[in-house]
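In my numbering, the protein residues as written are -16 to 46. To start, the structure under review is shown below, and the notes come after it.
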Amino acid sequence: MDHPRISSLPTRLNAETAWEAYRALVMQADADASLWGDFKHCQAMSRAYRKWSVLFLQMDQAA
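Put into structure tokens, the structure is as follows:
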């Protein structure tokens, strides 16, 4: 399965696109196990997860 690269995602993220960005990074690491040990890739996954969690909580509070 081909997953989008972060640079191809919309500039304005919502909770759904933020989750897809995080998921794409995880899937890249699953496909290439060396990425789990790559500091920059792990930082990118952490940032993507934090961004998703903030947007998800904002969406939840708005409901």
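We treat Cβ as the ideally placed atom computed from N, Cα and C, and that holds for glycine.
Where W2 is concerned, the enclosing alpha helix (DSSP H) starts and stops at -2 to 14.
By the CB criterion at 8 Å, A(-2) and M42 fall inside the cutoff.
Counting along the chain, the unbroken alpha helix (DSSP H) around D43 starts and ends at 22 to 45.
Each residue's CA atom was taken as its position, placing K34 and V9 some 15 Å apart. Selection W19, S29, R(-5) evaluated against Y5 yields S29 as nearest (Cα-Cα).
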